[in-house]
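Q: Going by our numbering, the sequence shown opens with residue 53, and the numbers climb by one from there.
Here a beta-carbon is modelled for each residue, glycine too, at the ideal position from N, C-alpha and C.
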Amino acid sequence: MTVTHYVLEGEIKAEQPLATCSKALKDAEGGSDLPIPVPHMMTPEGNRLYFPATGIRGKLRRALRDVLRENEIKRTGNDKPLSLDQHYLLTLGGIMGEDKKDKATVDQEAMWRERNVLLSLFGAGDAGYMGMVHGRLAVGNAICESVSQPHVFSGVRSDDLYRDRSQVAFLSHEDINALIAQSEGNRDASAIKKEIATLDKARKTARAAKDTDRVNELSDKIEQLKASIEAVKVETGAKNSVGMPLAGWQAIPEGAVMRHRFMINNANEVELGALLVSLDRFAAMPTLGAHIAAGCGLISARWELFEVVPGAGKTSLGVLVLEPFVGLNVDAPPTSEIFSAWQAFLDYLAGDQFNLSIPSAAAC
């Protein structure tokens with residue numbers, strides 16, 4: 053089977069704000085009273101917001117998983133065709149365990165790549181007896197062309213029973229009394245917390261002055277007040293207040309255009325077709341990142357697909373347009389390799405090579 057290199061170069065547009073954040077970024081730039089940050093990087097044009105490659109890659113991997121699983125259901129008639137290990141292999145690339153890994157030969161790896169195109173395209177950290185398998189697909193970060201400042205979403209969570217007092221009429225007398233007690237308890241607890249904050253500030257000053265006796269005295273008072281808060285909560289049934297300001301989150305603004313690139317190294321038509329089909333499946337609900345329920349995440353995209361031939365450079369095969377809720381539209385001549393790659397993937401789904409098993413020497 054002929055192999056070649058492919059490059060998709062183009063842009064992703066934020067049809068809605070895009071929010072995402074890694075734990076490391078949140079720890080470095082976030083905080084209890086700060087909005088959750090959005091990734092950014094320095095470029096020759098200055099600081100730019102970006103959506104990370106991992107979030108894009110994960111969406112496409114799961115889209116292809118769904119296509120392959122549906123095909124397995126169609127072929128077997130079993131509506132639960134995957135084991136837990138198979139699910140993790142397709143979705144996450146497996147979970148590293150303590151099982152001994154055999155050394156698969158080059159021929160064996162090539163065979164399993166032909167059997168499981170998702171494994172070949174996206175790779176796996178633990179592909180059965182083969183161990184790590186490197187994926188042929190490289191996904192780039194989506195980097196804003198010009199936007200360097202995020203939009204900040206914030207707000208306040210309110211207690212509906214205080215904002216719309218008519219709702220109290222639907223509570224029993226016991227619940228109304230409990231509500232009053234909780235409110236009074238929260239008020240008392242809030243006053244104690246303010247006193248603790250004042251003492252804690254004084255304790256920091258004492259520590260700076262190395263006044264150990266004063267530090268110990270203030271620490272004892274703070275612990276007593278903390279115990280008082282717990283006592284108030286127990287006595288009144290007070291809980292954390294329903295009404296409170298929300299720190300919110302940052303997002304890449306709606307309308308932002310991000311440069312983006314895919315590369316597929318040493319790929320065949322089936323692997324190219326698998327990427328095209330995964331993009332088409334993703335286009336049915338093309339959302340990325342967090343806060344989808346709050347109006348974030350929707351994207352559209354456009355890429356030009358090139359075949360790369362060593363010594364000859366790039367040859368355009370056509371243009372791919374990801375239209376939300378519609379699909380992947382292809383603008384290319386009827387003879388374009390794009391269509392033959394798509395058909396090659398469909399032939400793979402119907403062929404004898406299709407196999408989603410966990411790779412093993414016994415199955416060779």
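Count the CB pairs spanning the region 85-92 and the region 320-329 that are closer than 8 Å, and state whether there are at least three.
A: Between the region 85-92 and the region 320-329, the count of C-beta pairs closer than 8 Å stays below three; the two stretches do not touch.
Q: Output the distance between the C-alpha atoms of Arg215 and Ala241, rounded to the nearest integer angstrom.
A: Residue mapping note: residue 215 aligns to position 163 of the sequence shown, counting from 1. Residue mapping note: residue 241 aligns to position 189 of the sequence shown, counting from 1. Distance between the alpha carbons of Arg215 and Ala241: 22 Å.
Q: Is the CB-CB distance between Arg266 and Ala258 below 7 Å?
A: One-based indexing of the sequence shown puts residue 266 at position 214. One-based indexing of the sequence shown puts residue 258 at position 206. The answer is yes: Cβ separation under 7 Å.
Q: Less than 7 Å between the C-beta atoms of Phe334 and Leu134, yes or no?
A: Numbered from 1 along the sequence shown, position 282 holds the residue referred to as residue 334. Numbered from 1 along the sequence shown, position 82 holds the residue referred to as residue 134. Their beta carbons are not under 7 Å apart, which means Phe334 does not touch Leu134 by this criterion.
Q: Measure the CB-CB distance between Ile232 and Met310 and report whether it falls below 7 Å.
A: Position 180 of the sequence shown, counting from 1, holds the residue named residue 232. Position 258 of the sequence shown, counting from 1, holds the residue named residue 310. Pairing Ile232 with Met310 gives a Cβ-Cβ distance that is not under 7 Å.
Q: Beta-carbon separation of Ala353 and Ile64 under 7 Å?
A: Locating residue 353 in the sequence shown gives position 301, counting from the first residue. Locating residue 64 in the sequence shown gives position 12, counting from the first residue. For Ala353 and Ile64, yes; Cβs fall inside 7 Å.
Q: Go to Glu161, then tell me how far its alpha helix (DSSP H) extends in each direction, as first and last residue.
A: As a first step, residue 161 must be located in the sequence shown, where it is residue number 109. Val158 to Arg167 is the extent of the alpha helix (DSSP H) around Glu161.
Q: To which residues of the same chain is Leu270 closer than 7 Å at the C-beta, ignoring the five residues directly before and after it?
A: In the sequence shown, the residue the question calls residue 270 occupies position 218. Once the five neighbours on either side are set aside, the close Cβ partners of Leu270 are Leu251, Ala254, Arg255 and Ala258.
Q: Put His225 into one of helix, strand or coil per three-state DSSP.
A: For the purposes of this step, residue 225 is identified with residue 173 of the sequence shown, where counting begins at 1. Helix at His225.
Q: For the candidate residues Trp355, Lys366, Phe391 and Ala346, whose alpha-carbon lies nearest to that of Glu375?
A: Along the sequence shown, one-based indexing puts residue 375 at 323. Here the closest residue by C-alpha is Trp355.
Q: Using only the alpha-carbon positions, how far apart do Glu124 and Leu350 sit?
A: For this step, residue 124 is matched to residue 72 along the sequence shown. For this step, residue 350 is matched to residue 298 along the sequence shown. Roughly 29 Å between the two C-alpha positions.
Q: For Phe103, which beta-bridge partners are listed by DSSP?
A: As a first step, residue 103 is located in the sequence shown; it is residue number 51 there, counting from the start. Ala194, per the DSSP bridge assignment.
Q: Could you tell me the distance, in whole angstroms, from the CA atom of Met163 to the CA atom of Phe205?
A: Working through the sequence shown from its first residue, we reach residue 163 at position 111. Working through the sequence shown from its first residue, we reach residue 205 at position 153. Distance between the alpha carbons of Met163 and Phe205 is about 50 Å.
Q: Which residue comes first and which comes last in the alpha helix (DSSP H) that contains Glu67?
A: Position 15 of the sequence shown, counted from the start, is the residue given in the question as residue 67. No alpha helix (DSSP H) holds Glu67; DSSP gives it neither H nor E.
Q: Under 6 Å Cβ to Cβ from His343, same chain only, skipping five residues before and after it: list those, please.
A: Along the sequence shown, read from residue 1 onward, the residue named residue 343 stands at position 291. Closer than 6 Å at the Cβ level, and outside the excluded window around His343, lie Ala71.
Q: How many angstroms separate the CA atom of Ala364 from the CA atom of Tyr58?
A: For the purposes of this step, residue 364 is taken as the residue at position 312 of the sequence shown. For the purposes of this step, residue 58 is taken as the residue at position 6 of the sequence shown. Cα to Cα, the separation comes out at about 13 Å.
Q: Tell me, which residues are paired with Ser352 by DSSP?
A: Residue numbering aside, residue 352 sits at position 300 when the sequence shown is read from its first letter. For Ser352, which the question treats as bridged, DSSP gives the partners Lys65.
Q: Is the distance from the Cβ of Ala396 to the Cβ of Ile390 below 7 Å?
A: One-based indexing of the sequence shown puts residue 396 at position 344. One-based indexing of the sequence shown puts residue 390 at position 338. No; because the gap between Cβ atoms is not below 7 Å, this pair is not in contact.
Q: Could you give the distance in angstroms between the alpha-carbon of Phe222 and the alpha-carbon of Leu277?
A: Residue mapping note: residue 222 aligns to position 170 of the sequence shown, counting from 1. Residue mapping note: residue 277 aligns to position 225 of the sequence shown, counting from 1. Going from the Cα of Phe222 to the Cα of Leu277 covers about 36 Å.
Q: Report the option in His203, Pro338, Asp178 and Ile244 whose CA atom is closest to the CA atom of Gly300.
A: Stepping through the sequence shown from its first residue, residue 300 is reached at position 248. Residue His203 is the option with its Cα nearest to Gly300.
Q: I'd like to know whether the C-beta atoms of Leu445 and Asn168 end up nearer to each other than 7 Å.
A: The first residue shown for the chain is 53 and the last is 416, placing residue 445 beyond what the model contains.
Q: Using 10 angstroms around the beta-carbon of Met182, count the other beta-carbons present and answer buried if the total reaches 16, otherwise exposed.
A: Along the sequence shown, one-based indexing puts residue 182 at 130. Flag for Met182 reads buried.
Q: Which of helix, strand or coil does DSSP assign to Ala396?
A: Position 344 of the sequence shown, counting from 1, holds the residue named residue 396. Helix at Ala396.
Q: Could you spell out where the beta strand (DSSP E) holding Phe334 opens and where it closes?
A: What you label residue 334 is simply residue 282 of the sequence shown in a count that begins at 1. Unbroken run through Phe334 is the alpha helix (DSSP H), Glu321 to Phe334; no beta strand (DSSP E).
Q: Rounded to whole angstroms, what's the CA-CA distance from Gln405 to Asp399? Just pull it up for me.
A: Translated into positions along the sequence shown, residue 405 becomes position 353. Translated into positions along the sequence shown, residue 399 becomes position 347. Their backbone Cα atoms lie some 10 Å apart in a straight line.
Q: Can you tell me where the alpha helix (DSSP H) with Glu81 in it begins and where it stops?
A: Position 29 of the sequence shown, counting from 1, holds the residue named residue 81. Residues Lys75 to Glu81.
Q: Can you grab the Cα-Cα spacing for the pair Leu101 / Ala303, in whole Å?
A: Against the sequence shown, residue 101 aligns to sequence position 49. Against the sequence shown, residue 303 aligns to sequence position 251. Spanning the alpha carbons of Leu101 and Ala303 requires a straight line of approximately 9 Å.
Q: Are the CB atoms of Leu357 and Leu142 within a distance shorter than 7 Å?
A: In the sequence shown, residue 142 corresponds to position 90, counting from 1. In the sequence shown, residue 357 corresponds to position 305, counting from 1. Not closer than 7 Å, so no.
Q: Give the DSSP-derived three-state secondary structure of Met310 in the structure shown.
A: In the sequence shown, the residue the question calls residue 310 occupies position 258. Per DSSP, reduced to three states, the secondary structure at Met310 is strand.
Q: On the CB-based measure, 16 or more other CB atoms within 10 Å of its CB, does Ile49 come out buried or exposed?
A: As shown, the chain starts at 53 and ends at 416. That puts residue 49 outside it, with no answer to give.
Q: Identify which residue in Lys75, Met93 and Asn381 has its Cα closest to the Cα of Ser200.
A: The sequence position of residue 200 within the sequence shown is 148, counting from 1. Comparing Cα-Cα distances from Ser200 to each of Lys75, Met93 and Asn381, the minimum goes to Met93.
Q: Among the residues of its own chain, which have a CB less than 6 Å from the CB of Thr339, if the five just before and after it don't count?
A: By 1-based counting over the sequence shown, the position of residue 339 is 287. Excluding sequence neighbours, Thr339 sits near Gly349 and Leu350.
Q: Please classify Gly187 as buried or exposed, where buried requires at least 16 neighbouring CB atoms within 10 angstroms.
A: In the sequence shown, counting from the first residue as 1, residue 187 sits at position 135. Buried, by the Cβ-count rule.
Q: So Phe103 packs on Asn193, CB below 8 Å; how close in whole Å?
A: Taking the first residue of the sequence shown as position 1, residue 103 is located at position 51. Taking the first residue of the sequence shown as position 1, residue 193 is located at position 141. With 8 Å as the limit, Phe103 and Asn193 qualify as a contact, their Cβ atoms being about 7 Å apart.
Q: How far does the alpha helix (DSSP H) with Leu136 in it reach, from first residue to last?
A: Locating residue 136 in the sequence shown gives position 84, where the first residue counts as 1. Taken as a continuous stretch (DSSP letters only), the alpha helix (DSSP H) holding Leu136 covers Leu136 to Leu144.
Q: Which two residues bound the contiguous beta strand (DSSP E) that contains Ser368?
A: Translated into positions along the sequence shown, residue 368 becomes position 316. Its beta strand (DSSP E) spans residues Gly365 to Glu375.
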